[in-house]
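Engineer:
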Amino acid sequence: MRADPAEYKLVSPGNLQATLSVMAGEPAQWLPIAGGTDVMVLFSAGKLPDRKLINIWNIPELRQIEVFPERIRIGAACTYTALRRHENISREFPLLATAASWTGGIANQNRGTLGGNIANASPAADSLPALLVYDAELTLISVRGERRVGYRSFHTGYKQTVLAADELIRDISLPRRFSEYLSHARKVGARNAQAISKVCLAALGQMANGAIRDVRLALGSVAPVPLRLSGTEQMLAGKQIEPSLIEIARKTAMSEIRPIDDIRSTARYRAAVAGNLVAEFLEKLAEGTKA
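Numbering-wise (our numbering), the sequence shown opens with residue 154 and increments by one.
(1) Is T172 near G257, with beta carbons less than 9 Å apart?
(2) Compute the Euclidean distance between the alpha carbons of L327 and E320, then round it to the nearest angstrom.
(3) If the criterion is Cβ atoms closer than 9 Å, does the pair L248 and Y311 meet it?
(4) When you compare only the Cα positions, how much space is there between G228 and A420?
(5) Between the region 292 to 302 and the region 231 to 251, do three or more beta carbon pairs fall short of 8 Å?
(6) Taking only three categories from DSSP, how would you classify A445?
(7) Three-state secondary structure (DSSP) at S326?
(8) Output the residue ranges of the alpha helix (DSSP H) runs that lie fully inside the region 226 to 308 and measure 4 residues or longer, sorted by chain position.
(9) Could you check the C-alpha separation between L195 and Y334 for me, to the nearest Å?
(10) Who are the Cβ neighbours of A444 in its own chain at under 7 Å, not counting the five residues just before and after it?
(11) Based on Cα-Cα distance, which residue from S408, V378, L201, I322 lies nearest to W210?
In C-alpha cells, the structure reads:
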C-alpha cells in the first residue's frame, strides 16, 4: 500500500533555532529529514508512521566539515559524497571514506547523510563500525542546550538510542590521532554498493616491538547494535601475532557477537564470516610489521 502525501505535513523552518523550537513545542511529533534516503523508502511503501516531517537539509551548521588541530568535526547533514571527497577525511579516516563509498549508489551518496545513518540506528549501516573504532563523539542539541555523547554509548538496543525526543544530532567529532594506524575495511554482501551488508568490519591496528600496541575492531550486522569487539581487543593487546593467537581471536570474536537469521543470511554464516574477517585483519597487521 502506497502512502498518500495528503496525510503528511512537511515544514522547513530554515534555521537551526527555529527547527529546535518546533521540535520542542511538540516533542516526539516531528521527524527530522535531511537526505531522506531511508525515510522515503518507508514513505513510498506506506510504512512511515511519522506524519510530521521537519526539513533540516539546508541548515548551514549541519552541512560543514571543520578541521581543527586535534579534531575533525562533521556536520550531521554532510553527505557521503562530501565525506568521500574531503581530503582530510580520505587521508586520516580512510575507514569512513571507504564506508561512504559502500553506501548505496551515487544518487544515495549525494543525498544520504552521516547523521541520518546514525539516527536511523540500523546495525547493518556501513559507516557506523568506522565511527566506533575512531572514538567518535556526537553533539546533541535542543532548546535546552547541548550535550556530548561518546558514540560508543549512543545505541541502547535495536533501533534505540539515547537521543531525546526534542534533540538533533548537530555534529560528529573524530580525534586526529589514527594516521599511524594500519586500517582495514571489509564488507561482505551481495555486492559492495547498493546492497545491505551481511557482515562488515572496520579495524585499526598498531604494532610496537613486534607486539600489538593497540587494536580496534568493530562489526556491523552481527548484533542488535553496531558492535565494538572489546573482549577480542583486550585479549590481543600486547601479544605477538602468531597463528595460534589468530585462531583464538577468531573464536573470541565469534563468541562476542549475536547474529540472527534473516532474509540476507544466516546466523551461522555471519559468525563464520566475522571470525574470518578478524583473522584476515590480523594477518594483514602481522605482514605490515614485516614490510
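Virtual Cβ for every residue (Gly too), placed ideally from N, Cα, C. All of these numbers come straight from a predicted model, not from anything done at the bench.
Structural biologist: Looking at the coordinates:
(1) no
(2) 21 Å
(3) Between L248 and Y311, the C-beta gap is not smaller than 9 Å, which leaves the two residues out of contact.
(4) Approximately 35 Å between the Cα atoms of the pair.
(5) no
(6) As shown, the chain starts at 154 and ends at 444. That puts residue 445 outside it, with no answer to give.
(7) It is a strand residue.
(8) 233 to 238, 240 to 245, 247 to 255, 259 to 264, 267 to 273, 281 to 286, all fully within the region 226 to 308.
(9) When the Cα atoms are used, L195 and Y334 turn out to be separated by approximately 39 Å.
(10) Unreliable placement is indicated for A444, whose pLDDT of 32 sits below 50; no coordinate value is reported for it.
(11) Measuring from the Cα of W210, the nearest candidate turns out to be I322.
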